[in-house]
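FYI, the working numbering numbers position 485 of the sequence shown as 485, with every residue one higher than the one before it. For every residue, glycine included, the Cβ atom is placed at its ideal position computed from N, Cα and C. One structure below.
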Amino acid sequence: MDFDELINQLDLGTKIRLLTGADMWSLPPVPEIGLDRVVMSDGPIGVRGEQWTSADPSIALPSPTALAATWDVDLVRQVGRLLAQEARRKGVHVLLAPTINLHRSPLGGRHFECFSEDAYLTGEVGAAYVEGVQEGGVATTPKHFVANDFETDRFTVNVQVSDRVLREVYLRPFERVVSAGSWGLMTAYNAVDGTTMTEHSDLVNGVLKGEWGFDGFVVSDWTAVRTTEAAAMGGTDVAMPGPNGPWGERLESAVREGRVPESVVDDRVRRILRLAHRVGALRDGTPATEPGAPAGELSGPAGEFGAPIDGVALARQVAARGFTLLKNDGAGPGSPGLLPLQGVTTLALIGSAAAEARVMGGGSAQVFPDRIVSPLAGLRERGDVEIRYALGTDPRIRLAPITTPATARFLDEDGATLAEHPLATTEARWVGQLPPDVDGDLLKAVCLRAAYTPDVSGDHELSLAGVGPFTLTVDGETVFDATIELEGDDPAAAFLSPPERRVVVPFTAGRTYELAVTHPAGAFGGMAFVAYTLGHADPTPGPDELIAEAVRVARDSDVAVVVASTTLEVESEGFDRTDLRLPGRQDELIAAVAAANPRTVVVVNAGSPVEMPWTGQVAAVLLTWFPGQEAGGALADVLFGDAEPGGRLPTTWPARLADAPVVDVTPVDGTVRYEEGEYIGYRGWERSGRTPAFWFGSGLGYTTWSYDSIAAEGTTVTVALTNTGARAGREVVQIYAGDGDERRLAGFDVVEAEPGETVLTTIFLAERAFQTWDGAGWRTLAGEHPVTACHDYADRRLSATVVI
Ligand code: BGC
Numbered sequence: 001m002d003f004d005e006l007i008n009q010l011d012l013g014t015k016i017r018l019l020t021g022a023d024m025w026s027l028p029p030v031p032e033i034g035l036d037r038v039v040m041s042d043g044p045i046g047v048r049g050e051q052w053t054s055a056d057p058s059i060a061l062p063s064p065t066a067l068a069a070t071w072d073v074d075l076v077r078q079v080g081r082l083l084a085q086e087a088r089r090k091g092v093h094v095l096l097a098p099t100i101n102l103h104r105s106p107l108g109g110r111h112f113e114c115f116s117e118d119a120y121l122t123g124e125v126g127a128a129y130v131e132g133v134q135e136g137g138v139a140t141t142p143k144h145f146v147a148n149d150f151e152t153d154r155f156t157v158n159v160q161v162s163d164r165v166l167r168e169v170y171l172r173p174f175e176r177v178v179s180a181g182s183w184g185l186m187t188a189y190n191a192v193d194g195t196t197m198t199e200h201s202d203l204v205n206g207v208l209k210g211e212w213g214f215d216g217f218v219v220s221d222w223t224a225v226r227t228t229e230a231a232a233m234g235g236t237d238v239a240m241p242g243p244n245g246p247w248g249e250r251l252e253s254a255v256r257e258g259r260v261p262e263s264v265v266d267d268r269v270r271r272i273l274r275l276a277h278r279v280g281a282l283r284d285g286t287p288a289t290e291p292g293a294p295a296g297e298l299s300g301p302a303g304e305f306g307a308p309i310d311g312v313a314l315a316r317q318v319a320a321r322g323f324t325l326l327k328n329d330g331a332g333p334g335s336p337g338l339l340p341l342q343g344v345t346t347l348a349l350i351g352s353a354a355a356e357a358r359v360m361g362g363g364s365a366q367v368f369p370d371r372i373v374s375p376l377a378g379l380r381e382r383g384d385v386e387i388r389y390a391l392g393t394d395p396r397i398r399l400a401p402i403t404t405p406a407t408a409r410f411l412d413e414d415g416a417t418l419a420e421h422p423l424a425t426t427e428a429r430w431v432g433q434l435p436p437d438v439d440g441d442l443l444k445a446v447c448l449r450a451a452y453t454p455d456v457s458g459d460h461e462l463s464l465a466g467v468g469p470f471t472l473t474v475d476g477e478t479v480f481d482a483t484i485e486l487e488g489d490d491p492a493a494a495f496l497s498p499p500e501r502r503v504v505v506p507f508t509a510g511r512t513y514e515l516a517v518t519h520p521a522g523a524f525g526g527m528a529f530v531a532y533t534l535g536h537a538d539p540t541p542g543p544d545e546l547i548a549e550a551v552r553v554a555r556d557s558d559v560a561v562v563v564a565s566t567t568l569e570v571e572s573e574g575f576d577r578t579d580l581r582l583p584g585r586q587d588e589l590i591a592a593v594a595a596a597n598p599r600t601v602v603v604v605n606a607g608s609p610v611e612m613p614w615t616g617q618v619a620a621v622l623l624t625w626f627p628g629q630e631a632g633g634a635l636a637d638v639l640f641g642d643a644e645p646g647g648r649l650p651t652t653w654p655a656r657l658a659d660a661p662v663v664d665v666t667p668v669d670g671t672v673r674y675e676e677g678e679y680i681g682y683r684g685w686e687r688s689g690r691t692p693a694f695w696f697g698s699g700l701g702y703t704t705w706s707y708d709s710i711a712a713e714g715t716t717v718t719v720a721l722t723n724t725g726a727r728a729g730r731e732v733v734q735i736y737a738g739d740g741d742e743r744r745l746a747g748f749d750v751v752e753a754e755p756g757e758t759v760l761t762t763i764f765l766a767e768r769a770f771q772t773w774d775g776a777g778w779r780t781l782a783g784e785h786p787v788t789a790c791h792d793y794a795d796r797r798l799s800a801t802v803v804i
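What follows is the structure, given as structure tokens:
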């Protein structure tokens, strides 16, 4: 397609209009040249769509730490294809994903949304994700370019990092996804070496578009473009969201007055047209599928993108593949581990996350699945084991919405209904975009209604989370009527981590109550914005009684499974964590349960590391990460051995936060200095001489392996290994190159074998594992390099030498 011919048909105003969003999620159409609206939507675990609401469901896959824990690039590619299928179903052309920043400090708030501490693993998993999504005709925007590895002061913070470390560590995954052919990329909020990333011409024009030859489009993070000329010259092509922003008329004047060359604008328009052409939004491209079909079911236009993928089945499979078994003790030395469970007839299932799983992290990574299978539901579905549930303790600070059919009624000034939309829970959310049948100019309030029938009598708690005036009625009687004020000065907190107020309401079991919340519809940066939650909690006995009850249930059961989790207040966007402790009294609960039943399995439902002081007291520890909507089915599969836990840690797991090589993420005078250089993750641990709870790459399956032989030829390593256990299994063969704290992951592969079977794997080692950035280019470190084939970073099985 001749993009220049199309550009020549556009006047300057139209070209500039294309460089800023038309609204929260799309670029404006230009029908004269056959350009449709180009629609973007957040990932990475699903495709939320243009409306931030449960009324517009999406498949919810496991979070990125779980994806990386599979170390399985073929599976990740399939995940990408499913996401493309979801995107097409919802009329989305560009998926704002994957997040490929690194796990520098375990306190990073969006750690769960990034893949790994290791740049190579991140790059390989990220590349497979990009390829999968784009094979489905949908663009990706790996984000956030670059050094956006923590959240504190994220809009303004400056990261000071050496050129070499930037190249070898933080830019490396971006370089990899560009080589995989990503059609887009997102510039970050933060600055690097004093220049904010949307204005960072050296890195965006110089490295990305110049050296790496990136021909895709560069979109800003939301509101990250803050200047006219500097950002216009900085390489970011599209400022999101719109329609307001620092470009528009101001950029037009800058071009007319010769301060910004028109060729810069033309280059951007060319990139947008190329994007539109690639995703089928430019005439003659493949049209996006009509929106409106049910979640996870449709393929693209007939047959074009292969057979439809069953999203529910894939979500369950990926979850189990990412589950990482860190400990699995038997009754004594030599006896098989407690997992997979055998001969169990009664199982005590304990923890709030067992009944209400944390299937994803918070913030813009949130999507709304149309079903969530909790561990309780997944285990009960098996039918052959008696599941005895006890809450134990509830660490959540905010109450969860009620999962019950609800409606949101959009009201005008006179209280007349403009539109009514069904909701799957009592959470009302439309961020930036209202439903298409609601006229934002007429909207004055949104009323949420739900009929609720409690199972137990007593004093229930109802809560409102949001900002602004709220009225809550129960059967028409007002129980709350007040204004909730925003805490802090980050306006995004109004929907990412809103304040909450509670009221106590007596309910009788079996009676149905009409709950109604009325809240004025607000505007945020000129955009319509509705975000509030009606939460609920059953009456509960005191916290000590809850733990005592869990202990009693555990003692009387064959096995105890405690599901421990972080909360929305801990792992989300816009803030970092302050410690790695499991919130609330969960550590105490686990210790008490383990003392009552030695056959205790702890399931850790968290997207990033938590301290596990009770590890020595329990029989098994299984990380499920944020497992996505099919959490409970996958957990049942793994606990009972229908599937093997396939995961290996994509990040080193500290025993204590203070031991981690990088902890602090607090800017000093607006700057965070990456003083540790390349020594993050296992290289930092190695250098510090400290021992983590579990090394990078750790994870057990249900069988055992002998590593039989290794041979190296050039940078190709061949390993033979045998499944020495009694059941079929999978192993992630990890190859590290170098010595001491220079040792790094250079290649990996997933193998499968039947009991007794020997398999061979040939692994091509990454060129960059034997190179360093010398200021002007990559310099190959010629000579002999030791390589080790390992089960995990510390568990070395075989060694060889490669000669470069
Ligand atoms: C996040 C991005 C996200 C964007 C749009 C930003 O706050 O940092 O990751 O894609 O919002 O929701």
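Segment limits, beta strand (DSSP E) that includes residue i
i: Q160; result: N158 to Q160
i: N205; result: No beta strand (DSSP E) holds N205; DSSP gives it neither H nor E.
i: R501; result: E500 to F507
i: F470; result: G468 to V474
heavy atom of ligand 1 below 7 Å from residue i C-beta
i: L96; result: yes
i: D237; result: no
i: W222; result: yes
i: H519; result: no
i: H144; result: yes
i: D576; result: no
i: D749; result: no
i: S364; result: yes
i: D42; result: yes
Residue span of the alpha helix (DSSP H) that contains residue i, given as start and end
i: N328; result: Unbroken run through N328 is the beta strand (DSSP E), T324 to N328; no alpha helix (DSSP H).
i: D637; result: A631 to L639
i: N8; result: F3 to N8
i: G684; result: G681 to S688
i: I272; result: E262 to R278
i: E252; result: G248 to R256
i: A494; result: A493 to L496
i: T122; result: A119 to E135
i: S463; result: From DSSP, S463 is part of no alpha helix (DSSP H) but of the beta strand (DSSP E) over G458 to A465.
Which listed residue (the options) has its alpha carbon closest to that of residue i
i: F305; options: R81, D579 and G584; result: R81
i: F764; options: T716, V802 and P786; result: T716
i: I33; options: V504, V456 and D2; result: D2
i: R555; options: R577, V593, L546 and L102; result: V593
i: P142; options: E168, Q134 and V177; result: V177
i: K444; options: T788, I710, V665 and T417; result: T417
i: D637; options: L339, V264 and G46; result: L339
i: A307; options: E487, Q78 and D329; result: Q78
i: A782; options: R796, E767, S799 and V803; result: V803
i: E752; options: A737, G729, V255 and R268; result: G729
i: D329; options: G574, T600, V446 and V551; result: T600
Per DSSP, cross-strand counterpart(s) of residue i
i: V238; result: V219
i: K15; result: K15 is not bridged to any residue.
i: C447; result: R409 and T518
i: D749; result: V733
i: S799; result: T788
i: L185; result: V218
i: W773; result: W778
i: Y513; result: Y452
Short CB-CB distance (under 8 Å) between residue i and chain D
i: V602; result: The structure shown contains no chain D; it holds only a single protein chain.
Along the chain, which unbroken stretches of the beta strand (DSSP E) at least 3 residues long are found entirely within the region 531-607?
559-565 and 600-605
Ignoring anything shorter than 4 residues or poking outside the region 19-78, list the alpha helix (DSSP H) runs there in chain order.
64-70
Extract the residue ranges of the alpha helix (DSSP H) inside the region 343-420, only unbroken runs of 4 or more that lie entirely within it.
352-355 and 375-380
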